[in-house]
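Heads up, the thing below is written out as structure tokens.
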Amino acid sequence: MSWLFRQCASTWGYERYPQDDWHGLQVFAVDGALFRTPETPQLRAHFGSGNTSSNRQTPYPVLRLVALMNARSHIIANAAISPYRKGEIPLAKDFVESIPNHSVTLLDKGFFSADLLLSIQNAEQNRHWMIPERKGTIRTEVEHYGDGDYLVQMRVSPQARKKNPALPEYWQARAVTYQVEGNEKTVFTSLPASKFSAEQVATLYHERWEIELGFRDIKSSMQDNALTLRSKTVDLVYQELWGLLLAYNVVRREASQAAVAHKRAPSEISFKFACQHIASHLVVMAGAVSPSHTPRRLEELRGSIGVLFITKRPRPARPRAVKMSKTRYPVNRKAAPLK
Numbered sequence: 001m002s003w004l005f006r007q008c009a010s011t012w013g014y015e016r017y018p019q020d021d022w023h024g025l026q027v028f029a030v031d032g033a034l035f036r037t038p039e040t041p042q043l044r045a046h047f048g049s050g051n052t053s054s055n056r057q058t059p060y061p062v063l064r065l066v067a068l069m070n071a072r073s074h075i076i077a078n079a080a081i082s083p084y085r086k087g088e089i090p091l092a093k094d095f096v097e098s099i100p101n102h103s104v105t106l107l108d109k110g111f112f113s114a115d116l117l118l119s120i121q122n123a124e125q126n127r128h129w130m131i132p133e134r135k136g137t138i139r140t141e142v143e144h145y146g147d148g149d150y151l152v153q154m155r156v157s158p159q160a161r162k163k164n165p166a167l168p169e170y171w172q173a174r175a176v177t178y179q180v181e182g183n184e185k186t187v188f189t190s191l192p193a194s195k196f197s198a199e200q201v202a203t204l205y206h207e208r209w210e211i212e213l214g215f216r217d218i219k220s221s222m223q224d225n226a227l228t229l230r231s232k233t234v235d236l237v238y239q240e241l242w243g244l245l246l247a248y249n250v251v252r253r254e255a256s257q258a259a260v261a262h263k264r265a266p267s268e269i270s271f272k273f274a275c276q277h278i279a280s281h282l283v284v285m286a287g288a289v290s291p292s293h294t295p296r297r298l299e300e301l302r303g304s305i306g307v308l309f310i311t312k313r314p315r316p317a318r319p320r321a322v323k324m325s326k327t328r329y330p331v332n333r334k335a336a337p338l339k
């Protein structure tokens with residue numbers, strides 16, 4: 001299943017669409033998500049989970065997903081899956097080479113690593129990155145470009161240089177500081193100040209939210225907010241998650257093709273309704289006697305998606321909340337219910 005996902009993603013994830021261009025660059029985003037599995041000794045031993053305190057474990061085994069997403073089409077171009085204990089940065093490094101030239105990659109602050117960011121950066125091939133400043137970062141201003149826009153220098157940690165001796169002692173990045181609802185934010189980027197203004201940089205970073213929406217679509221619309229994955233063996237858990245990613249990409253790909261036919265942007269299509277609409281049509285097509293009619297049916301499908309376009313709305317403000325409270329006591333899932 002992972003092979004089939006990669007074969008499709010390696011083509012679909014890098015396709016160019018009208019209106020997906022940002023000053024000559026494709027826009028990608030990298031982020032991670034966690035998925036819970038059913039509680040079995042085999043899954044607990046393989047995937048592990050986070051600890052809370054006093055060596056207590058989280059209620060369910062957890063596996064980690066890190067994905068590279070086309071921020072405009074929302075198609076996942078590459079992904080890595082592992083047990084919980086493997087970090088996001090090592091997983092992201094597994095697919096750095098698949099990031100195309102003439103692109104900019106938006107990352108969450110959890111991926112702040114000189115090794116990772118410098119491996120993405122390639123000025124000759126016009127490959128760039130953007131990431132928010134991590135709290136406590138020690139930096140020195142090297143050059144001032146304008147108000148809230150400057151070049152900074154940071155020291156590469158000895159631990160990072162020990163792991164990768166090819167890293168330099170110091171590295172540089174452009175820092176752009178701006179205001180969001182009265183709060184000061186700073187993002188680091190490799191985009192040159194000579195070509196991209198501070199305002200353009202600050203505006204672009206907010207598109208990183210698109211990958212969060214993609215993960216929400218998978219968990220909410222496709223999994224129907226299920227607490228855990230369904231599979232109960234290690235191999236089937238991996239197969240189920242790769243299958244989810246493949247099915248997600250199929251829906252996004254068809255939605256993107258429909259958007260092109262209607263001269264709209266792929267992100268303007270409601271995923272929830274597109275998923276239901278496309279899935280029902282594909283089931284009918286799979287059972288068709290004559291495969292020769294498939295191209296015509298796909299054309300009809302893409303034409304019918306025209307009713308699923310949505311109007312762009314501002315991101316809703318939702319306070320942070322805990323979806324699942326953590327108990328102070330060990331969890332015994334085999335205990336008899338109270339009478």
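Take 1 as the starting number for the sequence shown in full-length UniProt numbering and just add one per residue.
C-beta atoms are modelled at their ideal positions from N, C-alpha and C, and glycine is treated no differently.
Going by Cα to Cα distance, which pick from Q239, V176, G243, I278 is closest to S256?
Locating residue 256 in the sequence shown gives position 256, counting from the first residue. Considering only alpha carbons, the answer is I278.
Work out the CA separation of G87 and S54 for me, nearest whole Å.
In the sequence shown, counting from the first residue as 1, residue 54 sits at position 54. In the sequence shown, counting from the first residue as 1, residue 87 sits at position 87. Per-residue confidence for S54 stands at a pLDDT of 49, beneath the threshold of 50, marking its modelled position as unreliable; the derived number appears in the next sentence. Near 22 Å, if we compare the C-alpha coordinates of G87 and S54.
Give the range of the alpha helix (DSSP H) segment to which Y145 is assigned.
Counted from its first residue, the sequence shown places residue 145 at position 145. Segment 140–146 is the beta strand (DSSP E) holding Y145; no alpha helix (DSSP H) there.
Would you mind stating whether V156 and V142 have Cβ atoms separated by less than 8 Å?
Within the sequence shown, the letter at position 156 stands for residue 156. Within the sequence shown, the letter at position 142 stands for residue 142. Not in contact: V156 and V142 (Cβ atoms no closer than 8 Å).
Since Q26 sits in a beta bridge, which residues does DSSP pair it with?
Against the sequence shown, residue 26 aligns to sequence position 26. Bridge partners of Q26: D21, S103.
Range covered by the alpha helix (DSSP H) that runs through R174
Taking the first residue of the sequence shown as 1, we reach residue 174 at position 174. From DSSP, R174 is part of no alpha helix (DSSP H) but of the beta strand (DSSP E) over 170–180.
Starting from I120, follow the alpha helix (DSSP H) in both directions and report where the run begins and ends.
Stepping through the sequence shown from its first residue, residue 120 is reached at position 120. Looking at the DSSP string, the run of the alpha helix (DSSP H) that includes I120 is 114–120.
DSSP on S280, reduced to helix/strand/coil?
In the sequence shown, the residue the question calls residue 280 occupies position 280. Note: S280 maps to helix in three-state DSSP.
What does a CB cutoff of less than 6 Å around S231 pick up in its chain, not counting 5 residues either side in sequence?
Sequence index remark: in the sequence shown, residue 231 carries index 231 (1-based). So the list reads V237, E240, once near-sequence residues are dropped.
Please report how far the alpha carbon of T11 lies from the alpha carbon of K185, in whole angstroms.
Taking the first residue of the sequence shown as position 1, residue 11 is located at position 11. Taking the first residue of the sequence shown as position 1, residue 185 is located at position 185. Going by the C-alpha atoms only, they are around 35 Å apart.
Might you give, ordered along the chain, the residues of its own chain that have their beta carbon closer than 8 Å to the beta carbon of V30, omitting 5 neighbours on each side?
Looking up residue 30 in the sequence shown gives position 30. The answer, listed in chain order, is V66, A67, L68, M69, A92, T105, L106, L107, D108, F111, I211.
Could you check if Y170 is buried or exposed, using at least 16 other CB atoms within 10 Å of its CB as the buried criterion?
Numbered from 1 along the sequence shown, position 170 holds the residue referred to as residue 170. Under this definition Y170 is an exposed residue.
Would you check if the distance between the CB atom of Y248 and the CB atom of D217 is smaller than 8 Å?
Taking the sequence shown and counting its residues from 1, one reaches residue 248 at position 248. Taking the sequence shown and counting its residues from 1, one reaches residue 217 at position 217. Yes, they are a contact pair.
Buried or exposed: I138, going by 16 or more other Cβ atoms within 10 Å of its Cβ?
Within the sequence shown, numbered from 1, the residue matching residue 138 stands at position 138. I138 is exposed by the Cβ-count criterion.
Could you tell me which whole beta strand (DSSP E) segments of length 3 or greater appear in the stretch 185–231?
none
Taking the continuous alpha helix (DSSP H) assigned at N249, which residues delimit it?
As a working note, residue 249 is residue 249 in the sequence shown. 234–261 is the span of the alpha helix (DSSP H), which, as asked, contains N249.
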